[in-house]
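There are 2 protein chains.
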Amino acid sequence: MSVTAPLGFRAAGVAAGIKSGGARDLALVVNDGPSRAAAGVFTANRVKAAPVLWSQQVLAGGRLRAVVLNSGGANACTGPEGFQDTHATAEKVAEAIEDSAGEVAVCSTGLIGERLPMDELLSGVDAAATQLSRDGGLAAADAIRTTDTVSKISFKRANGYMVGGMAKGAGMLAPALATMLCVITTDADVTSDELDVVLRKATAQTFDRLDTDGCMSTNDTVLLLASAASGVKPDLAEFEQKVTEVCADLARQLLVDAEGATKAIAIEVVGADSEQDAVKVGRSVARSNLLKCAIHGEDPNWGRVLAAVGTTDAVFEPDRLNVAINGIWICRGGAVGDDRSKVDMRPRDVTITIDLSAGPHTATVHTTDLTADYVHENSAYSS
Amino acid sequence: MSVTAPLGFRAAGVAAGIKSGGARDLALVVNDGPSRAAAGVFTANRVKAAPVLWSQQVLAGGRLRAVVLNSGGANACTGPEGFQDTHATAEKVAEAIEDSAGEVAVCSTGLIGERLPMDELLSGVDAAATQLSRDGGLAAADAIRTTDTVSKISFKRANGYMVGGMAKGAGMLAPALATMLCVITTDADVTSDELDVVLRKATAQTFDRLDTDGCMSTNDTVLLLASAASGVKPDLAEFEQKVTEVCADLARQLLVDAEGATKAIAIEVVGADSEQDAVKVGRSVARSNLLKCAIHGEDPNWGRVLAAVGTTDAVFEPDRLNVAINGIWICRGGAVGDDRSKVDMRPRDVTITIDLSAGPHTATVHTTDLTADYVHENSAYSS
Chain S
1 MSVTAPLGFR AAGVAAGIKS GGARDLALVV NDGPSRAAAG VFTANRVKAA PVLWSQQVLA
61 GGRLRAVVLN SGGANACTGP EGFQDTHATA EKVAEAIEDS AGEVAVCSTG LIGERLPMDE
121 LLSGVDAAAT QLSRDGGLAA ADAIRTTDTV SKISFKRANG YMVGGMAKGA GMLAPALATM
181 LCVITTDADV TSDELDVVLR KATAQTFDRL DTDGCMSTND TVLLLASAAS GVKPDLAEFE
241 QKVTEVCADL ARQLLVDAEG ATKAIAIEVV GADSEQDAVK VGRSVARSNL LKCAIHGEDP
301 NWGRVLAAVG TTDAVFEPDR LNVAINGIWI CRGGAVGDDR SKVDMRPRDV TITIDLSAGP
361 HTATVHTTDL TADYVHENSA YSS
Chain X
384 MSVTAPLGFR AAGVAAGIKS GGARDLALVV NDGPSRAAAG VFTANRVKAA PVLWSQQVLA
444 GGRLRAVVLN SGGANACTGP EGFQDTHATA EKVAEAIEDS AGEVAVCSTG LIGERLPMDE
504 LLSGVDAAAT QLSRDGGLAA ADAIRTTDTV SKISFKRANG YMVGGMAKGA GMLAPALATM
564 LCVITTDADV TSDELDVVLR KATAQTFDRL DTDGCMSTND TVLLLASAAS GVKPDLAEFE
624 QKVTEVCADL ARQLLVDAEG ATKAIAIEVV GADSEQDAVK VGRSVARSNL LKCAIHGEDP
684 NWGRVLAAVG TTDAVFEPDR LNVAINGIWI CRGGAVGDDR SKVDMRPRDV TITIDLSAGP
744 HTATVHTTDL TADYVHENSA YSS
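Here it is, written out as structure tokens:
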């Protein structure tokens, strides 16, 4: 399961003592090949954590032997010393698995602005290296959790090969890309250039359309590693579909476990002049605190939808906007439509359909409701 | 007090029965001249309520005899019928004060997407017209409240003339401009063109820099009426200063009374390459739900400040960012600065200073914390 479902990968998850409570906090994923092709996408935030800066450099070579991930600290905004910590972590992994640090990606997640406890972390790398196994995927997925209440894993079987993945992320979930760490593996034989194209397309359709709280992280990283251990050179269209399925599955798990969320809201924009317009409108609606509160209160408050649509520069006429919530078109032509009492707001899944009446393009953005539990979870001292 | 502090103005506030609870819900402000010069600024939301569309037309003439305002319903997204309701309201005011509907502005606030109860509203206009008085400013300010817990009024005395004002607004408070209704009056002798210039400058520095929940309303309206009853032609620089002071005073009252807020947060951006950059960074930080939760929890979480700064395209280098909270520079050079335990987070007022180290420009954006009370207030069925 998880990142060890495909052939050629071993993983481990250990409690290194980075977190105070004794939970697992360090994961190691190793690609035993024969290929080491890899690609990555990273946060669009201009304030990037040290491990992001490091891993971007490493990925420039298109090859990864290993990924080391820690929870319990983001190693962001830690200056040159923080970058040295990341470098030292990669060197430690290289030493433990007898390989080059130049093919070791590093991912960190947790509080911004504090140095990592390096003694614990480096000992943890040694411990993880001794525990690497073909069964280690679940422990690795567990070790990268922060406020995640459950581990997020996925795998899909394709024509002679597999795609597996793990992810973490519960807060600071916003586009470009959604705040998170994610490692996806495959035993297909795919070049790093092909992996790059596939990963960018897959994440654009999945993680990039997730926005639970409008806050973009400093540490977002999604990595895709191919071992070629199956010996299969896949049809690229099928491979892209499988990777997209794994990303979508993990994105859904992130959404459902978002901090404090009680509703999973799909904002489906149709009738747009362009896909870009549809995404723009979806994002704007996904970021309306007032709407997210209303959905929490099971109030089909379409006025708040229109107020959010109206803040965008997408092509539309206000008097041609239609809005349905859970299939009931309660706003037609920019004004009152069907009886709002017909909308069943009780299910966890809520679909808001916005028809811009401006063209043939569509996009769906996923978000959650805004709850008192979100506030409580993020008001506690330094989470 | 309020809009009747300057000479030449009468006002009233009555309970017309638009709200169900019997509270005041209709206000009328009349300018008895001799001048009727006026200017207005309106929401930048492309989905505009009927009264906004009407009042924009009326203001094209640069003259206002009266303003009628109701709470209990926004008359937004109500189609052609909603616009007819606004028109009928202006006609009713014109009939009651024996003047032209073409110089009557209309403002509405409340739930989007429902028609107003016109029988009650039109009877209320008659009642308000009979109660117009030089003492009516407080009742008028009371009548426009929605979730506002207190009336918001202000007045400033200048060299031979006065500037007075009232405002409402507690939720959906976001720039361009902050969601709100506001009427400002003066007995100075100022042309409508001059009023327009002064009002745009004053609101750009005050209401436009208020962002409590990132949600832009369909009904924002700020009107400035001059009666010239003092006979004084003011120095325009002094007049602009007085109008700005009244706007700033009212903006502060809106901030302090924002839904659920326990903290008033000033985000002071310094060292910016341009004022536009400073505002952009201030707004981005003001919209970080995670930061707003942290401040609620009295956690000086500067990492969330940097994460929000990093999402903008303002000129800055991540490793030259400095951040102070309540005067303690807890982030220097994009990394850990002074001891965060020195920050006193207990006062209601919290100042976050962000030094972009990129130039001489500054701007301050005002916001509030995000609280469970905000969620509760906006989750209740259709507020």
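Protein chains in written order, with this note's numbering: chain S, 1 to 383; chain X, 384 to 766.
Glycine is no exception: its CB is placed at the ideal position from the N, C-alpha and C atoms.
Leaving out the 5 sequence neighbours to the left and right, which residues in its chain are closer than 7 Å to residue i when beta-carbon positions are compared?
i             : result
residue 150/S : 257
residue 200/S : 41
residue 96/S  : 125, 126 and 129
residue 495/X : 457, 459, 460 and 601
residue 578/X : 420, 421, 422, 607 and 609
residue 340/S : 300 and 330
residue 10/S  : 4, 30, 32, 132, 133, 134 and 136
Can you give the Cα-Cα distance for residue i and residue j, rounded to whole angstroms?
i             : j             : result
residue 363/S : residue 187/S : 31 Å
residue 567/X : residue 452/X : 13 Å
residue 109/S : residue 52/S  : 11 Å
residue 429/X : residue 307/S : 8 Å
residue 704/X : residue 741/X : 9 Å
residue 314/S : residue 463/X : 23 Å
residue 548/X : residue 587/X : 17 Å
residue 761/X : residue 475/X : 34 Å
residue 565/X : residue 551/X : 7 Å
residue 717/X : residue 729/X : 25 Å
residue 350/S : residue 328/S : 12 Å
residue 335/X : residue 757/X : Coverage of chain X is limited to positions 384 through 766, which leaves residue 335/X absent and any answer about it impossible.
residue 19/S  : residue 267/S : 36 Å
residue 305/S : residue 291/S : 7 Å
residue 499/X : residue 311/S : 24 Å
residue 599/X : residue 119/S : 49 Å
residue 64/S  : residue 228/S : 13 Å
residue 706/X : residue 700/X : 13 Å
residue 193/S : residue 635/X : 55 Å
So residue i is in the alpha helix (DSSP H); what residue range does that whole segment cover?
i             : result
residue 698/X : Residue 698/X -> no alpha helix (DSSP H), and no H or E assigned at all.
residue 579/X : 575-588
residue 71/S  : Where residue 71/S is concerned, there is no enclosing alpha helix (DSSP H), given that its DSSP letter is neither H nor E.
residue 501/X : 501-514
residue 642/X : Run containing residue 642/X: none; DSSP gives neither H nor E here.
residue 277/S : 275-286
residue 756/X : 755-762
residue 436/X : 433-442
residue 469/X : 462-480
residue 295/S : 289-296
residue 137/S : 137-143
Should residue i be listed as close to the ligand SAH, given that the test is whether its C-beta is under 7 Å from any heavy atom?
i            : result
residue 52/S : Absence of the ligand SAH is noted for the structure shown, with no ligands found whatsoever.
Keeping to the same chain, check which residues put their C-beta closer than 6 Å to that of residue i; ignore five residues upstream and five downstream.
i             : result
residue 26/S  : 14, 16, 70, 124, 128 and 143
residue 672/X : 753
residue 107/S : 51, 69, 181 and 221
residue 270/S : 355 and 362
residue 279/S : 363
residue 6/S   : 162, 164, 185, 186 and 187
residue 585/X : 626, 627 and 630
residue 657/X : 744
residue 536/X : 384, 385, 524 and 549
Where do the ends of the beta strand (DSSP E) carrying residue i lie?
i             : result
residue 732/X : 732-738
residue 165/S : 162-168
residue 364/S : 361-368
Under 8 Å Cβ to Cβ from residue i, same chain only, skipping five residues before and after it: list those, please.
i             : result
residue 263/S : 295, 296, 348, 349, 350, 368 and 369
Taking only beta carbons into account, state which residues of the region 186-218 of chain S come closer than 8 Å to chain X, listed in chain order. 213, 214, 215, 216, 217 and 218
Using Cβ-Cβ distances below 8 Å, what residues of the region 328-344 of chain S are close to chain X? 331, 333, 334, 335 and 336
Between the region 661-685 of chain X and chain S, which residues of the former have CB atoms less than 7 Å from a CB of the latter, in chain order? 670, 671, 672, 673, 676, 677, 679, 680, 682, 684 and 685
Would the region 656-670 of chain X count as touching the region 201-210 of chain S if we require 3 or more Cβ pairs under 8 Å? no
Mind listing which residues of the region 505-519 of chain X have their C-beta closer than 8 Å to chain S's C-betas, in chain order? none
Within the chosen definition, does the region 605-622 of chain X reach the region 529-547 of chain X through at least 3 CB pairs nearer than 8 Å? yes
Check whether the region 92-106 of chain S and the region 54-61 of chain S touch, using three or more Cβ-Cβ pairs below 8 Å as the test. yes
Please list, in chain order, the residues of the region 460-473 of chain X that have any C-beta partner in chain S closer than 9 Å. 460, 461, 462, 463, 464 and 465
Please list the residues of the region 740-761 of chain X that have a C-beta atom closer than 9 Å to any C-beta atom in chain S, keeping them in chain order. 752, 753, 754, 755, 756, 757, 758, 759, 760 and 761
Check distances from the C-beta atoms of the region 37-52 of chain S to those of chain X and list, in chain order, the residues that come in under 9 Å. 43, 44, 45, 46, 47 and 48
Interfacial residues, the region 476-498 of chain X to chain S, with Cβ spacing under 8 Å: 494, 495, 496, 497 and 498
Residues, ordered as in the chain, of the region 241-258 of chain S that lie near chain X by beta-carbon distance below 7 Å: none
Positions along the region 56-67 of chain S whose CB lies within less than 9 Å of some CB in chain X: none
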